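Input: a single structure, listed below in structure tokens.
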Amino acid sequence: MKISRGLPGVYTAVQMHLHWGGLDLETSGSEHTIDGMRYFAEVRVAQGCHQSGGLWGSPWERGAASHRACREARGKAGQWQG
Numbered sequence: 001m002k003i004s005r006g007l008p009g010v011y012t013a014v015q016m017h018l019h020w021g022g023l024d025l026e027t028s029g030s031e032h033t034i035d036g037m038r039y040f041a042e043v044r045v046a047q048g049c050h051q052s053g054g055l056w057g058s059p060w061e062r063g064a065a066s067h068r069a070c071r072e073a074r075g076k077a078g079q080w081q082g
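Numbering (full-length UniProt numbering), first residue to last: 1 to 82.
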């Protein structure tokens, strides 16, 4: 997956982080909330920026973008709160 519009450069997905757990607050897998609720799973896709013909080493370096997607199992999405 590559993102090239709306950002200063071309970004490529370099890592995918999955978090999962139970349905209650203490064991929920999500680190973030949707409409104030935590869910049993969360996916985070880390992007790296291409510059000078190469991909920057770490997705956490300057210039990297991070995209977090939280989605309920039914596919219902709300507003993301970090």
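The beta carbon of each residue, even a glycine, is placed where N, CA and C say it ideally should be.
What you are looking at is a predicted structure, and each value in this text was computed from that prediction instead of being measured.
According to the neighbour-count rule (16 or more other Cβ atoms, all chains shown, within 10 Å of its Cβ), is residue i buried or exposed?
{"i": "R5", "result": "exposed"}
{"i": "G36", "result": "exposed"}
Measuring alpha carbon to alpha carbon, tell me which of the options ends up nearest residue i.
{"i": "E42", "options": "G36, I34 and S30", "result": "S30"}
By Cβ distance, which residues of its chain are closer than 7 angstroms to residue i, with the 5 residues on each side in sequence left out?
{"i": "G21", "result": "T27, S28, G29 and F40"}
Compare the C-beta of residue i against all C-beta atoms of chain C and say whether one is closer than 9 angstroms.
{"i": "G36", "result": "In the structure shown, chain C cannot be found, because there is only a single protein chain."}
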